[in-house]
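Protein chains: 2
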Amino acid sequence: MTDYDNFIGRVKELSLIGSLSGLMGWDQETMMPPKGGKLRSDMMAFLSSQAHKRMTDPEMGGLLDSLESQDLTGEQAANVREVRQSYDKATKLPAELVEEKARHKSKSLQVWQEARSENDFEKFKPYLEKTVELTCKTAEYYGYEDNIYDALLDIFEPGMTVSQLDPLFSGLREAIVPLVQAVGESPNQPDTSFLDIGKFSEEKQREFSMKVAESIGFDFDAGRMDTSTHPFCSGAGPNDVRFTTRYDDEFPFGCLYGVMHETGHGTYEQGLLEEHEGTPMGQAVSLGIHESQSRMWENMVGRSKEFWSFYIDEFKNCFDHLPSDLDVDTLHRAVNTVQPSLIRVESDEATYNLHIMVRYEIEKQLVSGNISVGDLPDFWNSKMEEYLGVTPPNNTKGVLQDIHWSMGAIGYFPTYTLGNLYAAQLYAAALADDPNIPNKIAKGEFTALLDWMRSHIHVHGSKLLPADLLRQATGKDPSSDDFVKYLKSKYTKIYNL
Amino acid sequence: MTDYDNFIGRVKELSLIGSLSGLMGWDQETMMPPKGGKLRSDMMAFLSSQAHKRMTDPEMGGLLDSLESQDLTGEQAANVREVRQSYDKATKLPAELVEEKARHKSKSLQVWQEARSENDFEKFKPYLEKTVELTCKTAEYYGYEDNIYDALLDIFEPGMTVSQLDPLFSGLREAIVPLVQAVGESPNQPDTSFLDIGKFSEEKQREFSMKVAESIGFDFDAGRMDTSTHPFCSGAGPNDVRFTTRYDDEFPFGCLYGVMHETGHGTYEQGLLEEHEGTPMGQAVSLGIHESQSRMWENMVGRSKEFWSFYIDEFKNCFDHLPSDLDVDTLHRAVNTVQPSLIRVESDEATYNLHIMVRYEIEKQLVSGNISVGDLPDFWNSKMEEYLGVTPPNNTKGVLQDIHWSMGAIGYFPTYTLGNLYAAQLYAAALADDPNIPNKIAKGEFTALLDWMRSHIHVHGSKLLPADLLRQATGKDPSSDDFVKYLKSKYTKIYNL
């Protein structure tokens with residue numbers, strides 16, 4: 000057996016453990032009876048210790064060393080590069096730090112839930128301070144060149160740095176803040192009154208959104224859709240992809256756009272190549288690229304006029320209490336309502352990124368020691384006022400709203416905005432290759448767009464770093480230009496700016 | 000760490016792997032999308048190789064040797080005894096035989112499916128010959144005292160032997176064959192015409208049977224009920240028990256009695272003690288005892304007049320097309336229809352055991368070399384005529400009907416009949432302790448009976464061997480007396496014998 004075969008055998012075993020964890024996680028959110036939680040934690044901990052043991056096996060390190068000095072194909076080298084990243088991350092941290100983080104995380108998560116529901120930031124403060132301390136320790140062990148925050152970004156978006164993000168985000172902010180203001184001042188606001196005259200049944204919402212997911216190209220023979228409190232996409236592998244949604248009988252767009260979002264994630268997973276299954280070459284490359292797929296189908300496609308010009312009849316058939324004169328224009332404007340608000344997960348396409356930037360600024364300053372955890376409520380509120388023009392009435396609706404920090408996921412938020420920027424850049428490139436895509440969408444044909452994503456993104460798995468993949472697909476560096484152009488063009492028409 | 004702590008740590012890890020396999024198996028039958036099968040086989044094979052590796056670890060053998068010479072509590076000794084059994088079974092077989100059996104099983108299963116659908120016994124014959132050969136080799140490696148078949152029985156019902164089964168089964172046969180004949184000749188046959196006048200909706204069947212399961216005491220906060228082609232009960236542990244059913248809109252009793260059967264299995268699992276979770280002391284002791292729980296709720300309770308006197312109104316409310324004058328007597332007689340037939344899984348409570356005895360006689364003769372695989376179709380048909388008075392028109396409805404032999408499960412069938420005998424013996428003992436149980440059932444109260452099973456069977460896990468557990472619970476050796484008495488008494492009344 001060659002070193003490479005030995006290496007791949009180990010990598011595939013790790014992937015099987017990942018598939019088991021994926022399905023067990025899915026089951027926990029969708030199927031598990033309430034009393035099953037205790038045993039489930041033991042099962043998940045067992046899987047994660049098995050994965051950690053295999054990943055940190057000194058023989059894995061030896062194989063990586065040996066393979067890095069061998070003459071490998073591009074695909075082999077990509078697999079070695081990606082596993083090297085994971086191996087280094089898994090071995091650089093001392094066992095005591097890993098254990099301390101795991102213990103702290105479960106306690107911190109619990110305290111955050113209490114603190115949020117009690118609007119008591121002081122209760123959460125010592126836990127967040129500890130999280131920041133452990134996160135900084137982790138970053139120091141991982142190492143970085145310029146900025147300690149780079150070590151954290153790299154966990155979630157390999158290769159991303161503050162020096163790349165700062166100009167990207169500030170350019171974006173400079174364009175969006177005035178755009179959002181202009182939209183707010185426009186006398187030409189959308190009419191959403193058709194939402195107030197009846198209920199949208201769960202059954203019909205499910206039927207309509209599944210039809211959309213299927214038309215986009217999600218293969219229900221290789222996946223399924225269920226219900227959970229928080230929508231997500233998970234599963235065992237490209238032939239067993241499982242996403243979820245939730246239903247609100249007063250607002251059908253939460254389900255629909257949730258499903259289109261997860262369908263984006265799901266088609267990416269289903270588009271990975273079977274020949275590379277179980278290796279990085281057959282795995283999605285980053286959270287940012289993943290989010291580009293979900294946000295593209297949710298927003299660029301799902302909130303387009305073309306989409307609604309095709310689906311309006313079906314939508315009105317499904318929900319037959321809607322006014323018969325409801326037209327495409329009204330629908331299209333309604334699903335593109337912009338309204339600065341307090342809660343990130345409820346925010347619209349334009350203001351969403353301003354929420355992310357509040358968090359990005361805070362995280363950067365926190366880990367570099369420029370501000371302390373005690374400063375957070377004031378810092379948060381002043382940034383919200385500066386970027387969005389709104390001030391939270393309390394910490395529950397402010398600094399305590401997100402789960403991420405309670406879980407130690409500092410450095411994660413920027414991938415959401417990267418996903419939006421990548422989505423616009425990829426969509427613009429697809430349109431440059433095939434200007435007929437919007438016309439096809441208006442006929443309910445999504446194949447051209449999906450195929451473009453398949454050949455430019457999905458089939459490449461983790462062969463390239465995310466930014467390089469984007470460069471290869473679009474011919475340009477990651478930039479906010481296409482996203483800003485897209486938003487400006489859309490809102491100028493809708494709000495008659 | 001003591002030897003015993005080390006041992007228990009290993010046993011609990013094995014149990015976690017079992018929980019993962021349990022849920023993955025459940026998911027495969029209930030949730031998995033069609034294309035997920037290939038990866039699922041890899042995941043299942045990974046789990047089973049991980050379990051085998053841990054079970055055959057020489058350090059496990061060393062710990063067992065050491066613990067067997069130590070002074071242990073009764074519970075500790077039971078855990079050691081049970082794991083010793085599994086360790087011996089796992090280590091006695093040479094690796095090549097294990098591999099050959101696994102390879103042969105998957106091929107044989109496939110050929111059996113083809114042979115059954117094509118009514119072509121000759122096609123299956125060489126595979127069954129190989130199965131018998133591999134089974135006999137296995138039995139020789141496991142070892143036995145009197146009869147080679149004892150080694151096979153012991154796999155499924157620890158401690159059971161031909162010398163115990165032969166008198167049990169022949170006594171049973173001598174009582175049942177004439178009983179079935181008398182029933183068949185009775186002019187007093189049940190009236191099932193109420194089944195022919197409308198459809199029984201899946202939704203209502205589900206509602207009614209879940210209500211029954213819940214009343215019996217199945218805890219839906221610690222389990223769930225889904226749909227699958229073949230009903231089963233599985234799960235991750237006592238707090239996460241999952242059973243399935245299926246629906247036939249022309250015949251509501253298939254679903255109802257399927258659910259009551261699986262509820263029996265499920266309440267046994269839920270009644271195992273949490274303090275012993277993950278060790279044999281917290282696991283069901285045998286297939287026979289398990290089947291006693293399912294058959295008792297399905298038949299002794301579910302087909303009793305008391306059950307229907309309580310549930311008839313609810314049943315008629317659920318299925319409102321039923322004649323308003325449908326009475327308890329008609330219902331009770333209808334669900335106790337006895338009719339010799341060709342197919343085991345469709346057979347009634349009385350003839351079922353005759354089907355098992357046909358298989359038992361064949362298996363015994365096959366492994367001792369008294370008959371060859373080529374003799375099977377004729378031997379099968381003549382035994383069917385002898386025991387049941389019916390002769391299969393072809394092998395598909397005869398010797399090819401069951402999946403068991405194609406999977407190499409020779410020695411399994413007797414546990415079904417043992418389950419029936421144990422069920423009657425346990426029910427009689429419970430009635431002796433509390434003669435009011437039938438009156439309570441007639442009020443829809445099942446707690447007294449379930450509690451008796453909890454304290455006499457469930458909480459003991461695998462502390463005793465099955466026959467010893469039965470002796471402790473009933474004060475008697477395993478016997479067919481109670482079962483025969485129960486059947487005679489019931490059918491004498493129903494068929495006016």
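So the protein sequences, as listed, match chains P and U.
What the first sequence shows, in numbering that gives the first Met the number 0, is residues 0 to 496, in sequence order.
What the second sequence shows, in numbering that gives the first Met the number 0, is residues 0 to 496, in sequence order.
Glycine included, C-beta positions come from ideal geometry on N, C-alpha and C.
Please read all numbers here as calculations on a predicted model, not as lab measurements.
Own chain residues within Cβ distance below 8 Å of residue i, not counting five before or after
i      : result
P/F250 : L194, F199
P/E313 : F207, K210
P/I370 : I361, Q364, F378
P/G73  : K462
Residues near residue i by beta carbon distance below 7 Å, same chain, minus five either side
i      : result
P/V327 : K304, W307, S308, I311
U/M406 : K104, L108
U/P157 : Q84, S285, L464, P465
U/I288 : Y421, I456, P465, L468
P/A89  : H51, M54, T55
In DSSP terms, what residue i is bridged to
i      : result
U/F242 : U/M224, U/C232
8 Å Cβ cutoff, residue i in contact with chain P
i      : result
U/N238 : yes
U/M224 : no
U/S18  : yes
U/L38  : yes
U/E128 : no
U/P507 : This structure cannot speak to residue 507 of chain U, because chain U is shown only from 0 to 496.
U/M59  : no
U/A235 : yes
U/M452 : no
U/E261 : no
Coarse secondary structure for residue i, derived from DSSP in three states
i      : result
U/F498 : Outside the shown range of chain U, which is 0 to 496, sits residue 498 of chain U, and nothing can be said about it.
P/H320 : coil
P/Y494 : coil
P/I154 : helix
P/N419 : helix
P/Q49  : helix
U/G21  : helix
P/R115 : helix
U/L15  : helix
U/T456 : Sequence inspection shows Ile at residue 456 of chain U; the Thr mentioned does not correspond to that position. Three-state DSSP puts U/I456 in coil, outside helix and strand.
P/Q269 : helix
P/S285 : coil
U/A44  : helix
P/I342 : coil
P/N78  : helix
P/K34  : helix
P/M292 : Residue identity check: residue 292 of chain P is Gln in the sequence provided, not Met. Note: P/Q292 maps to helix in three-state DSSP.
Short CB-CB distance (under 8 Å) between residue i and chain U
i      : result
P/P166 : no
P/G35  : yes
P/D4   : no
P/L321 : no
P/D220 : yes
P/E81  : no
P/M0   : no
P/E28  : no
P/D56  : no
P/M209 : no
P/E74  : no
P/D41  : yes
P/F45  : yes
Other residues of its chain near residue i: CB distance less than 6 Å, five sequence neighbours each side excluded
i      : result
P/A212 : V258, T262
P/N78  : T278, P279, M280
U/V483 : A174
Exercise. Which whole runs of the beta strand (DSSP E) in the stretch 167–205 of chain U are 3 residues long or more, in chain order?
Worked result: none
Problem set entry | Complete alpha helix (DSSP H) runs within the stretch 344–424 of chain P (minimum length 4 residues, chain order) | 351–366, 375–387
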